[in-house]
Amino acid sequence: TRSQMYRGRANWSHIAELKRILKIAVIGNGDILTPYDAKMMAEKTNCDGIMIGRGAVKNPFVFQQIVSLFSKGSYQNASGTERLNFLVVHFENLKKELPDLTALHFMKVFVGKYTKGMAESAKLRQTLSLVKNSDELLEKIVEFKKEYDNKFFFKEDAI
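Each number in the numbering used here comes from the position in the sequence shown (counting from 1) with 127 added on.
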């Protein structure tokens, strides 16, 4: 919570207690970083829905992964190619809404989150930290993607 300064663990027992007492829908939130966290929250609290915050910033694919886990019993991590494609789309959307340098600044933050655990991602992050404009950023991502396309791996514990 905010009062915890985003430290510590969410107390899901409070969510379970609210669900037991209230007759309205209860939405659980807190410490949902992986699809398995969402499944565990649903099982432990019996909540009617799950809200995800910081976990989605670290892994924007978490929503489709949760759907897959709940419906099929398993899920796949996004490939490096999928992550880079998403990075480009996200950046293009930021550029539509923000001035170029502001969008560039935000994207440099997201690059680290979206590429964490990918092979050679440190090289990409280092390269992108030096770019001066959005055209150069997109150019470097495309170059990186061509060089390493479909060779990425992702470690779930890197989240």
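All residues carry an ideal CB built from backbone N, CA and C; glycine is no exception.
All figures in this text were calculated on a predicted structure; none of them were measured in a lab.
Do you know offhand how far residue i's Cα is from residue j's?
i	j	result
Leu231	Leu264	8 Å
Glu219	Glu266	13 Å
Lys226	Asn260	A small fix is needed here, since residue 226 is Pro in this sequence, not Lys. So the alpha carbons of these two residues sit roughly 11 Å apart.
Thr229	Lys243	22 Å
Asp203	Ile268	Sequence check: residue 203 is Gln here, not Asp. Going by the C-alpha atoms only, they are around 23 Å apart.
Ile286	Arg136	Low local confidence applies: a pLDDT of 49 at Ile286 is under 50, so the model's placement there is unreliable, and no value is given.
Ile148	Asn138	17 Å
Glu184	Lys150	The question names Glu, yet the displayed sequence has Val at residue 184. Rounded to whole angstroms, Val184 to Lys150 spans 32 Å at the Cα level.
Thr161	Thr254	28 Å
Lys222	Lys235	13 Å
Tyr163	Phe213	23 Å
Phe197	Val238	28 Å
Phe281	Glu224	Because the pLDDT at Phe281 is just 49, under 50, the model does not fix this residue reliably, and the point stays unresolved.
Ile159	Val258	33 Å
Gly157	Val216	27 Å
Arg252	Gln191	26 Å
Ala249	Met178	31 Å
Ala246	Glu209	14 Å
Measure the Cβ-Cβ separation of residue i and residue j and say whether it is below 8 Å.
i	j	result
Val81	Gly180	Here the chain covers residues 128 to 286 and nothing more, so residue 81 does not appear.
Ile293	Ala165	Only positions 128 to 286 of the chain appear in the structure, and residue 293 is not among them; the question remains open.
Gly176	Met168	no
Leu211	Lys272	yes
Gly207	Tyr275	yes
Considering residue i, what are the terminal residues of the alpha helix (DSSP H) in which it resides?
i	result
Gly182	181-185
Ile148	139-148
Phe188	Per DSSP, Phe188 belongs to no alpha helix (DSSP H) and is neither H nor E.
Tyr163	162-172
Note the first and the last residue of the continuous beta strand (DSSP E) segment covering residue i.
i	result
Glu177	The displayed chain sequence assigns Ile, not Glu, to residue 177. 176-178 is the span of the beta strand (DSSP E), which, as asked, contains Ile177.
Ile154	154-156
For the 8 Å Cβ check, are there 3 or more pairs between the segment 137-149 and the segment 168-180?
yes
In chain order, what are the residue ranges of uninterrupted beta strand (DSSP E) at least 3 long that sit wholly in the segment 217-262?
none
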